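Here the protein sequences line up with chains A and B, keeping their order. Quick note: the first sequence uses the working numbering, first residue 1, plus one each step. Quick note: the second sequence uses the working numbering, first residue 551, plus one each step. Report on one structure; see the data block that follows.
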Amino acid sequence: MHGSLGARIPDLLHPVPLQRIDVEMTKIAMTFAFASGVSGGLFAEALDKSTVAPSTWEPAAYVSDLFLHEFVARCFQVRLGGRETPLFTTQLVKVLERPPADPAVAEHRRAIAAELAASPELRAELEQLYAALCKFRSLLEGATAGRKWDANRRQLDILVVAKEIIDRMAAGFGGARSGLAVLGAFGQEVQQSEPYRSLSDLLRYEEHLATVSLKVRVGADGRIQAFELQAVQENAQNPFVSSPIKRWLARIELFLRGYKFGEGEIMARLIDAVFEGLEDDLVQFVQLLVDIELYLGALGFRDMAHAAGLAVCLPEFVGPAETRELSALFNPLLLVHGGKAVPCNIASDRHATTVLVTGPNSGGKTRLLQAIGIAQILGQSGLFVPARAARLALAPGLVVSLIQETKADQTEGRLGVELIRIRALFERLPPGAMVILDELCSGTNPSEGEEIFELVVKMLTRLKPQAFITTHFLAFAARLEKERKIADLRFLQVELGPDERPTYQFAPGVARTSLAGQAAARLGVTGDQLLSLVERNIAQMQGAMLNGRG
Amino acid sequence: MGTFLATHKMDPALIARIERSVGSRPRTARVKPSAARLRASLLRLTIAIAVTALATTAILARRRYHQEMTRARASLLGTVHAMGAALTPEERKFMSRVEPWITGLAGVYEGEIVADELRLPYALDLVLARPSVYVRGPVAAFGNANAIADSASASTRDSLVLCLIDPPASRAEKVVLSKVRAAYGGGVNVAQHVRRLHDAESGLKQILMPWEERIRNAPELRDLQHVKAELAEVPVEAMKRALRAELLIAAMDEPDEAGPADLDGERPHQVRVALIDLPSGKIVLRTRKRVDPNWLAATTRSNFASAVDGCALALDIRSGIR
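What follows is the structure, given as structure tokens:
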């Protein structure tokens with residue numbers, strides 16, 4: 001964590017402002033970029049090295065299984081002027097993958113997200129501020145080729161945008177009730193500082209050195225016949241205005257000091273001095289850009305869900321003994337891929353329960369697990385969760401195991417990999433964490449697999465997790481439900497419709513069938529279908545042989 | 551160390567940053583001025599100092615030059631004023647007093663005059679002992695002021711004036727020749743009080759030149775130095791002594807008679823001689839005598855005909871008065 005160094009920090013992510021970037025290094029990079037117009041990705045580099053608030057979560061235990069990067073890249077969308085804006089996806093994932101350990105941080109973010117969702121005016125202000133920040137970044141990093149030949153003009157353009165950002169912060173967020181108010185406070189504080197006054201004076205000096213009053217005489221033919229200079233009034237109040245003689249002396253001074261002999265060099269020195277005064281404040285724009293992207297991205301996700309007829313919400317966090325609920329929960333990854341997300345309701349009576357989910361293949365069990373995991377991450381990060389209403393319990397960690405890829409260097413068979421997976425789960429699982437496991441022990445024969453499964457479930461309960469586990473060991477699950485030996489065990493099954501097809505809804509209980517036959521028929525793996533394929537292949541082979549002889 | 555980029559209306563913090571930006575105040579460690587800029591700065595500073603030193607030297611030299619000119623001009627003006635102040639109005643008009651007498655004598659000879667007081671014993675010696683100016687030349691060379699000036703420049707204190715003041719003991723050739731040799735050889739100069747008319751005429755002409763105008767208009771020191779050199783050439787002392795003359799001694803050679811000329815051009819001819827008392831404006835002596843070198847031995851005539859004639863003429867004038 002980088003120290004704040006007593007600077008003003010417009011931090012939107014934490015109630016106690018946190019300096020997450022290396023200010024000194026970023027200032028050097030910003031000074032270089034300002035002077036040269038070539039930054040080499042100043043913002044990205046500074047943000048890559050940035051830190052986040054302390055978290056007890058281990059991203060490696062769930063990020064890849066939940067496709068978190070893809071979720072952020074596709075669902076967190078910010079549109080400016082009708083065009084989608086590229087975001088710092090890696091930085092946003094970095095924030096999301098480490099939900100803050102301090103609940104106050106999440107509450108702080110929830111308040112901001114709620115205020116933005118409730119106030120289109122504030123959201124519009126934030127979007128305009130974000131647009132100005134993007135322009136500032138673009139000018140600073142030299143992404144805009146125009147006017148690059150005039151270094152002073154480019155630097156003045158940067159300062160103009162910097163002033164616009166400060167002014168927008170001061171004027172647009174003064175009335176905010178959430179953590180957005182920090183923007184207003186920051187802007188107003190900067191406006192009262194000497195560097196800002198110097199910035200304003202310099203920009204006025206640049207655009208208004210003097211007023212020349214002319215009288216123009218126009219002839220009968222409409223052409224200008226003569227000019228008459230009536231008055232020349234210098235903007236004497238401006239601190240940057242000095243006499244022509246002094247400006248000449250300044251040019252000579254600069255020449256003797258090794259600079260160019262020109263009016264432009266004077267302006268360059270003044271710009272440099274003004275920029276130096278603002279550096280401590282301007283460097284804060286770097287992390288502010290990502291902060292705003294997080295909220296605008298979350299709002300973009302909300303818009304996307306609304307467009308698909310779905311609702312998102314800011315969850316309510318409840319105690320361990322209270323009921324957990326996720327109403328109209330949907331899997332946002334389905335929106336990304338153009339699929340139809342069917343919302344469902346999930347509830348459990350308290351925190352420390354292990355839910356065994358059973359049901360037919362392609363019944364939505366894995367999608368449910370992804371949705372639960374993503375909702376927990378977003379909820380604990382203080383953002384909108386993919387559900388119309390949610391009551392969640394805080395978890396000190398998350399372990400997700402959904403996908404078992406076969407690797408080229410894999411030394412163990414499928415059972416061995418399964419056992420390693422179980423070992424790793426217990427190695428990293430803290431008490432009270434959320435566990436999401438898909439098809440536990442599916443890599444061995446059912447009888448032996450069931451023994452290991454039961455062992456795992458029993459051991460898990462000692463860690464009081466909130467666990468969601470899918471399985472096709474239906475008989476085994478039914479036995480566990482019937483015996484009730486494990487007190488914290490709960491059961492959910494995929495609901496089937498009248499046509500015995502999954503409804504993607506979940507109800508208490510254990511499924512009676514995996515409907516493998518339906519899946520086989522749907523995918524063309526019935527006896528008749530396979531026989532017809534075999535006969536076709538034999539006929540093709542015989543035809544080929546006859547043609548070869550002919 | 552400040553900078554001309556700062557103004558009094560600026561905040562001190564901004565001024566400090568501007569000073570850091572231009573390099574008049576050390577920057578923080580993270581932003582140091584480049585070595586190239588330091589080199590350029592040192593080079594330009596060196597050039598600026600050199601140019602300033604040259605300009606200052608040139609300005610100081612010019613100032614010294616002008617001071618020197620002023621001093622030289624003032625000194626010369628002082629000299630000119632001093633020279634002018636040394637002349638009385640009467641002295642300034644000396645030539646205008648003398649010239650009528652000379653032109654008059656050069657005209658038709660009006661007969662011999664010998665003032666009565668000159669006939670007294672030693673009277674001529676007393677008259678000739680007074681401060682005098684002397685001029686001698688062809689009678690035709692005294693027609694006007696310019697001609698008088700030219701004749702005066704060619705006229706020197708010859709044997710006539712020397713022998714008139716200090717006559718030889720007899721008219722014997724040997725005695726006269728001895729007197730002439732002694733006089734011309736630098737013996738006792740008895741005619742120190744007799745100045746050439748040229749000293750007065752030339753001195754006045756030079757001293758009355760527009761020196762002040764030339765001095766004031768001289769553009770350069772060397773011009774003043776030329777003026778100074780010319781002023782040094784002005785024979786002020788000789789002029790002043792000539793201007794103090796109370797007696798004008800004028801001798802005019804009438805045209806030569808026919809016959810052969812001696813080696814020094816001497817031939818028999820008439821000579822007009824006049825002594826004019828300048829303060830009173832009175833002719834003390836006006837006489838006309840013939841000179842003829844034929845009485846001399848051939849060896850003497852070949853070298854000293856003119857000088858001996860002059861000395862003989864002086865004896866004739868003296869004897870004529872008696």
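Even for Gly, the Cβ is constructed at its ideal location relative to N, Cα and C. Computed from a predicted structure; not experimentally measured.
Inset, instruction - Flag ARG612 (chain B) as yes if its beta-carbon sits less than 8 angstroms from any beta-carbon of chain A, otherwise no. - result: no
Legend entry - chain A residues whose Cβ lies nearer than 9 angstroms to that of MET560 (chain B): SER198, ASP201, PRO239, PHE240
Legend entry - Reduced DSSP category for GLY737 (chain B) - H, G, I as helix; E, B as strand; rest coil: Its pLDDT being 49, under 50, GLY737 (chain B) is placed unreliably by the model, and nothing is read from it.
Inset, instruction - Using a Cβ-Cβ cut-off of less than 7 angstroms, give me the residues of the segment 261-285 of chain A that come near chain B, in sequence order. - result: ILE266, ARG269, LEU270, ASP272, ALA273, GLU276, GLY277
Inset, instruction - List the residues of chain A whose Cβ lies closer than 9 angstroms to the Cβ of GLY573 (chain B), in chain order. - result: ARG257, GLY258, TYR259
Inset, instruction - Scan the segment 322-347 of chain A and note each continuous beta strand (DSSP E) run of 3 residues or more that stays entirely inside, going in chain order. - result: 324-329
Inset, instruction - Answer with buried or exposed for GLU263 (chain A), where buried requires no fewer than 16 other C-beta atoms within 10 angstroms of its C-beta. - result: exposed
Inset, instruction - Give every residue of the same chain whose Cβ lies closer than 7 angstroms to the Cβ of ARG137 (chain A), excluding the five residues on either side of it in the sequence, and list them in chain order. - result: PHE43, LEU289
Legend entry - 6 angstroms Cβ shell around ALA104 (chain A) - same chain, five flanking residues per side excluded: PRO15
Inset, instruction - Buried or exposed for GLY687 (chain B), please, with buried defined as at least 16 other CB atoms from any protein chain shown within 10 angstroms of its CB. - result: buried
Inset, instruction - State the beta-bridge partners of LEU229 (chain A) as determined by DSSP. - result: A:LEU214
Inset, instruction - Check whether the Cβ atoms of LYS94 (chain A) and VAL52 (chain A) lie closer than 8 angstroms to each other. - result: yes
Legend entry - Backbone CA spacing between ILE826 (chain B) and LEU798 (chain B) [nearest angstrom]: 5 angstroms
Inset, instruction - Can you say whether GLU787 (chain B) is buried or exposed, counting buried as having 16 or more other CB atoms within 10 angstroms of its CB? - result: exposed
Inset, instruction - Taking all protein chains shown into account, decide if PRO551 (chain A) is buried (16 or more other Cβ within 10 angstroms of its Cβ) or exposed. - result: Residue 551 (chain A) is absent from the structure shown; chain A starts at 1 and stops at 550.
Legend entry - Inter-stretch contact (C-beta, 8 angstroms, three-pair minimum) for the segment 858-871 of chain B and the segment 740-750 of chain B: no
Inset, instruction - Would you mind working out which of B:SER720, B:LEU674, B:PRO639, B:GLU816 sits nearest VAL664 (chain B), comparing C-alpha positions? - result: B:LEU674
Inset, instruction - Check distances from the C-beta atoms of the segment 587-603 of chain B to those of chain A and list, in chain order, the residues that come in under 7 angstroms. - result: ARG587, LEU588, ALA590, SER591, ARG594, LEU595, ALA598
Inset, instruction - Return yes when the Cβ of LEU392 (chain A) is within less than 8 angstroms of the Cβ of PRO315 (chain A), no when it is not. - result: yes
Legend entry - Beta carbon proximity, LEU249 (chain A) to chain B, threshold 8 angstroms: yes
Inset, instruction - Give a yes or no on whether 8 angstroms exceeds the smallest Cβ distance from ALA563 (chain B) to chain A. - result: yes
Inset, instruction - Pull up the CB-CB distance for SER682 (chain B) and HIS631 (chain B), whole angstroms please, since I reckon it's below 8 angstroms. - result: With 8 angstroms as the limit, SER682 (chain B) and HIS631 (chain B) do not qualify as a contact, their Cβ atoms being about 30 angstroms apart.
Legend entry - CB contact check: ARG567 (chain B) to chain A, cutoff 8 angstroms: yes
Legend entry - For THR850 (chain B): DSSP bridge partner residues: DSSP, once it has assigned bridges, lists no residue as partnering THR850 (chain B).
Inset, instruction - Determine the extent of the alpha helix (DSSP H) in which GLU164 (chain A) is found, giving its start and end residues. - result: 151-172
Inset, instruction - Report yes or no: is there a C-beta of chain A within less than 8 angstroms of the C-beta of THR620 (chain B)? - result: no
Inset, instruction - Would you mind stating whether THR353 (chain A) and ARG490 (chain A) have Cβ atoms separated by less than 8 angstroms? - result: yes
Inset, instruction - Report yes or no: is there a C-beta of chain A within less than 8 angstroms of the C-beta of THR553 (chain B)? - result: yes
Inset, instruction - For VAL283 (chain A), I'd like the list of residues in its chain whose CB is within less than 7 angstroms of its CB, leaving aside the five on either flank, ordered along the chain. - result: VAL23, THR26, LYS27, MET30
Inset, instruction - Output yes if chain B places a C-beta closer than 8 angstroms to the C-beta of LYS365 (chain A); else output no. - result: no
Legend entry - Enclosing beta strand (DSSP E) for HIS819 (chain B) [first to last residue]: 819-827
Legend entry - Top-ranked residue by Cα proximity to ASP700 (chain B), from B:GLU649, B:TYR734, B:GLY661, B:GLU796: B:GLU649
Inset, instruction - Tell me where the beta strand (DSSP E) around ASP561 (chain B) begins and ends. - result: Premise fails: ASP561 (chain B) is in no beta strand (DSSP E) and is neither H nor E.
Inset, instruction - Kindly confirm or deny that the segment 853-864 of chain B and the segment 695-713 of chain B touch, where touching means at least three C-beta pairs closer than 8 angstroms. - result: yes
Inset, instruction - For ALA556 (chain B), collect the residues of the same chain with a Cβ closer than 6 angstroms to its Cβ; drop the 5 residues on either side in sequence, then sort them by chain order. - result: ILE565, ILE568
Legend entry - Simplified DSSP assignment, three categories, for ASP749 (chain B): helix
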